[in-house]
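Residues in the sequence shown are numbered consecutively from 1184, following my numbering.
Before any comments, here is the structure.
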Amino acid sequence: MPPRTHGQRLFPGVMDENIPAMRKIAWNAAILLLLAVPLFAETPLIRPGEVWPDNRGQHVQAHGGGIILVHGTYYWFGEDRSQGQDRSKRYVACYSSKDLAHWTFRNQPIKLSDPENFGPTWVLERPKVFYNAKTKKYVMYMHIDGPSPGHTGGYDLARVGVAVSDTVDGDYRYLRSFRPLDHQSRDIGQFIDDDGTPYLIFEDRPFGFRIATLSGDYLNVEKEVCLIPLHLEGGAVVHLDGLYYAIGSALTGWNPNPNKYATAKSLAGPWSEFKDIAPPETKTYGSQSTMLLKIVGKKATTVIFMGDIWKPRTQWDSRYLWMPLEIGNGKLWLPEPKPWSLDVKSGVATILK
Ligand code: GAL
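Pasting the structure below:
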């Protein structure tokens, strides 16, 4: 830099005596920026429909899944449809998270070869885990299926399977499969009421959508609470401000359809008529319900719609559509999917504009 001649300013248009003040402003701005970066880094975004990398950088494999909270940690269980696995086996994966955005792979708690000899097309879908505080066991329910004798299709037997573990993310021991209360059961859903009572939701093809309690040890389905005589699957329920909200999808296989909801003051009903949860032409924005997850924070309660965007031909690449619902006073609405963040401590969800 050439030496300054007398009267020439360091920065043209700025009096030299103002430079210390300007430096201070610049310095403060830099500090503010430094403080702001970690703030943004700490509010991670949930991005509906995108690849969701786990701690290993691999897309989360927890399709048709469910979440339970254990001592401040969320555990997400679902179908592991990763490529390159043994095609005769069926896998469930388990991930953990403190913030519902960053997920750490924990285990494949289920790696099963056809446990009931249903043949190569046997099915294990929609695993859901309950914790039984009395027996101190984690109990997994899943949809177990296979073809009836002489058939080739995969969904004739319509049963639930049960497996148990002493730890949430341990290797679960498969116990058996059965038809709950002697009814057909295909898609299952899980609901734990605010008083801790566990319920299994199951789709009974000839009759509709059933909600039933579990036995004391959770290993059996004990008593029917309600039959909603509508053909709905992907069933989920949430209890909010004294009202129960049930959602479900129509029976269109892997193809999306307009999911619907109804409300009731008691799980046993009467239930209101079912209404759309999103503009019907969007077909639930291409997704299908699997669970309604209630996050009760210090400032707010957020109910998350957890849905699957199925890709039947590349199942490992199926995506997730999670969004905070607009819910209350008997109304439920799924906003248009956009990246959003959740502060699990305050319960406040913020959707990006
Ligand atoms: C859907 C169901 C999925 C899977 C699929 C197979 O109706 O919700 O879990 O079973 O059918 O076609």
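Glycine included, every Cβ here is placed at the ideal spot set by N, Cα and C.
- By the neighbour-count definition (other C-beta atoms within 10 Å, threshold 16), residue 1442 is a buried residue.
- Excluding its 5 nearest sequence neighbours in each direction, residue 1481 has C-beta neighbours in its own chain below 8 Å: 1528, 1529 and 1530, listed in chain order.
- In the DSSP assignment, residue 1535 is bridged to no other residue.
- By the 16-neighbour rule on beta-carbons within 10 angstroms, residue 1451 is exposed.
- As a beta-bridge residue in DSSP terms, residue 1320 pairs with 1315.
- Using a cutoff of 7 Å, the CB of residue 1370 counts as near the ligand GAL, since one of the ligand's heavy atoms is closer than that.
- When distances are taken from the beta-carbon of residue 1437 to the heavy atoms of the ligand GAL, the shortest one is below 7 Å.
- Annotated three-state conformation of residue 1413 is coil, per DSSP.
- Taking 3 residues as the minimum length, the beta strand (DSSP E) runs contained wholly in the region 1302-1373 are 1306-1315, 1320-1328, 1342-1348 and 1356-1361, in order along the chain.
- Around the beta carbon of residue 1296, a 10 Å sphere encloses fewer than 16 other beta carbons of the protein chains shown; the residue is thus reported as exposed.
- When C-beta atoms of the region 1288-1302 are compared with those of the region 1351-1363, three or more pairs fall below 8 Å, so the two segments count as touching.
- Residue 1498 and residue 1417 do not touch by the CB rule: their CB atoms are close to 16 Å apart, not below 8 Å.
- Taking 7 Å as the cut-off, the C-beta of residue 1264 does not count as close to any heavy atom of the ligand GAL.
- A residue is called buried when at least 16 other Cβ atoms come within 10 angstroms of its Cβ; residue 1373 meets this threshold and is buried.
- Taking 8 Å as the upper bound for CB-CB distance, residue 1400 and residue 1318 are in contact here, some 5 Å apart.
- A distance criterion of 7 Å places the beta-carbon of residue 1309 in contact range of the ligand GAL, judged by its closest non-hydrogen atom.
- Collapsing the DSSP output to three states places residue 1496 in a helix.
- Assignment of beta-bridge partners to residue 1285 by DSSP yields no partner.
- Distance from the C-beta of residue 1417 to the nearest heavy atom of the ligand GAL is below 7 Å.
- Two segments are said to touch when three or more pairs of C-beta atoms, one from each, lie closer than 8 Å; by this definition the region 1245-1253 touches the region 1297-1315.
- Taking one beta carbon from each stretch, the region 1313-1330 and the region 1277-1287 have fewer than 3 pairs nearer than 8 Å; the two do not touch.
- Counting C-beta atoms within 10 angstroms of its own C-beta, residue 1448 has fewer than 16 neighbours from the protein chains shown and is therefore classed as exposed.
- Inclusion of residue 1288 and residue 1238 in the CB contact set at 8 Å is warranted, their separation being smaller than that value.
- Per DSSP, the unbroken alpha helix (DSSP H) holding residue 1467 starts and ends at 1466-1469.
- Cα atoms of residue 1332 and residue 1342: separation of roughly 15 Å, rounded to the nearest angstrom.
- Within the DSSP bridge table, the entry for residue 1512 names no partner.
- Annotation for residue 1248 indicates a beta carbon at 7 Å or more from all heavy atoms of the ligand GAL.
- Our two residues, residue 1234 and residue 1406, have alpha carbons roughly 40 Å apart in a direct line.
- Measuring C-alpha to C-alpha distances from residue 1272 to each of 1524, 1252, 1303 and 1255 identifies 1303 as the nearest.
- Secondary structure at residue 1441: coil, using DSSP grouped into helix, strand and coil.
- Spatial neighbours of residue 1336 in its own chain (CB-CB distance under 7 Å, excluding positions within 5 residues in sequence) are listed in chain order as 1330.
- Considering only 1475, 1501, 1500 and 1479, the residue with the shortest C-alpha distance to residue 1489 is 1475.
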